[in-house]
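In terms of our numbering, the sequence shown opens at residue 1191 and continues consecutively. Ideal Cβ positions, reconstructed from N, Cα and C, are used throughout, including at glycine. All values reported here derive from a predicted model rather than from experimental measurement.
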Amino acid sequence: MSKVVKVSDDTHSRLQGIAKYGESMDTVIHRLTTQAKGLEDVVAGQSSICFIDGQEGRLLYRGYDIVDLAAHSSYEETTFLLLNGHLPTGPELRSFSSELAARRTIPKGVISIITTLPRNCDAMDALRVGVAALGIYDDPMLSQQEKAMSIASKVGSIVAAIHRHKHDQDILPPKDDLSFASSFLNMVTGEVPEEREARLMDVLLILHADHELNASTFTARVIASTLSDTYSAVTGAVGALKGPLHGGANEKVVEMTHEIGTPENVETYIDEKLAHKQKITGFGHRVYKTMDPRAQILKDMAKKFVRTEKEKQAFQILVKVEAIMKKEKNLYPNVDLYSGMALNHVGIPSYLFTPFFAVGRAPGWLAHILEQYSDNRIIRPRAEYVGPAREDYVPAEKRVREVRKP
């Protein structure tokens, strides 16, 4: 006889958001409290920062829908929201934006380290070194909140410096009179972006700002739970993001678009991939069971920002791929399907996509780190043991290795 589990109305509502089709509440609770490979759908803690409704395809930061934030907010305002738990007033936003701008400059010691790295080194390796070095050169007397603001403001400057060094170009200082999005693009490209490009960058940053307990965020929280410092936690998050199963999928989408070439080749390309049981990058998600809302936002924006014939053709390819994947596999696009094209449009080269991801995700990492510190208990899960039963110890001279016949 199954045990009936009673939950509050509020908890019941939250569980409905992560229930699979046809699941009872008892089944959901059992699934969430038992082990699963990769901790799939297992609740590992509580957070007030981000909520994903996988069934409805909704993403909320501190209760605010990503659709509304993408339409009306900015990097600075969204960062304030994530770090402080509420949207700022006008004076609060102006003060916060000014403070972020004042903190964008990288310490000379960090620049010196970046410029001694091989120009052909992996950009994420360089970013990991840069963030770790920031922990050495930042003022040790900063409060936790000030450290979070320092990292959030400087990660973009570090990424831009890595890019400029790679191409043997002068490293440009941030411009205090520009927004975070505009200043970042200026430091990367050397040009002050047009308003529409700056707005697109703002939206890209907002869409990447947080996504609950993804691999890099969970890594950051695990490190923070040991009461290690904020810089170590963010450095660990960068290391987790580097993995191809987490960051970098949008770069693969751009490669796929180039391989397909023209919209007329899409069907043949996808059929061949599916026939060989190969994964189509940019589709499916561990949590979303419908279209990723971030993908929908970028798709809608792409209809307006594509200008060149090359961009128009790339967009047609992706739309056709999306339609075929929905028909053949009932899979929906995730944020990676359209984000690569958007990043290329504003001047971010493909090899810099994952470092950009870190720039956008830094506010979320930092919000989770601060939340972990505020009510900490070291994260120490258990593993289901599947090894051999107890063995008797035999001295080496008496051990005989069984030889298995082929």
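So residue i is in the beta strand (DSSP E); what residue range does that whole segment cover?
| i | result |
| --- | --- |
| residue 1421 | Not the beta strand (DSSP E): residue 1421 falls in the alpha helix (DSSP H), residues 1420-1432. |
| residue 1400 | Here residue 1400 belongs to no beta strand (DSSP E), and DSSP marks it neither H nor E. |
Which partner residues does residue i have in the DSSP bridge list?
| i | result |
| --- | --- |
| residue 1473 | 1523 |
| residue 1241 | 1250 |
| residue 1255 | 1250 |
For the alpha helix (DSSP H) holding residue i, just list the boundary residues, first then last.
| i | result |
| --- | --- |
| residue 1459 | 1456-1465 |
| residue 1440 | 1439-1450 |
| residue 1544 | 1543-1564 |
| residue 1484 | 1483-1495 |
Among the options, which has the Cα closest to the Cα of residue i?
| i | options | result |
| --- | --- | --- |
| residue 1546 | 1559, 1526, 1565 | 1526 |
| residue 1418 | 1501, 1444, 1568 | 1568 |
| residue 1295 | 1233, 1284, 1482, 1345 | 1345 |
| residue 1290 | 1306, 1580, 1445, 1369 | 1369 |
| residue 1380 | 1355, 1506, 1390 | 1355 |
| residue 1438 | 1539, 1583, 1393 | 1539 |
| residue 1233 | 1404, 1504, 1551, 1530 | 1404 |
| residue 1456 | 1490, 1427, 1511 | 1511 |
| residue 1493 | 1508, 1458, 1479, 1586 | 1508 |
| residue 1287 | 1342, 1240, 1377, 1331 | 1342 |
| residue 1230 | 1209, 1248, 1238 | 1209 |
| residue 1357 | 1542, 1498, 1467 | 1542 |
| residue 1334 | 1301, 1321, 1352, 1421 | 1421 |
| residue 1350 | 1301, 1325, 1388 | 1301 |
| residue 1575 | 1216, 1227, 1213, 1554 | 1227 |
| residue 1254 | 1531, 1581, 1319, 1399 | 1399 |
| residue 1561 | 1413, 1249, 1365, 1315 | 1413 |
| residue 1444 | 1391, 1245, 1452, 1504 | 1504 |
| residue 1476 | 1243, 1570, 1373 | 1243 |
Mapping the DSSP letters down to three states, classify residue i as helix, strand or coil.
| i | result |
| --- | --- |
| residue 1248 | strand |
| residue 1413 | helix |
| residue 1582 | coil |
| residue 1216 | helix |
| residue 1570 | coil |
| residue 1478 | coil |
| residue 1435 | coil |
| residue 1538 | coil |
| residue 1379 | helix |
| residue 1532 | helix |
| residue 1587 | helix |
| residue 1392 | helix |
| residue 1592 | coil |
| residue 1235 | coil |
| residue 1226 | coil |
| residue 1407 | helix |
| residue 1503 | helix |
| residue 1209 | coil |
| residue 1576 | coil |
| residue 1294 | coil |
| residue 1384 | coil |
Return no unless some Cβ of chain D is closer than 8 Å to the Cβ of residue i.
| i | result |
| --- | --- |
| residue 1432 | Among the protein chains of the structure shown there is no chain D, as only one such chain exists. |
Alpha helix (DSSP H) runs contained entirely in the stretch 1296-1369, provided each spans 4 or more residues: 1298-1306, 1313-1327, 1334-1356
Going along the chain, which unbroken runs of the alpha helix (DSSP H) with 4 or more residues stay wholly within the stretch 1261-1287? 1265-1274
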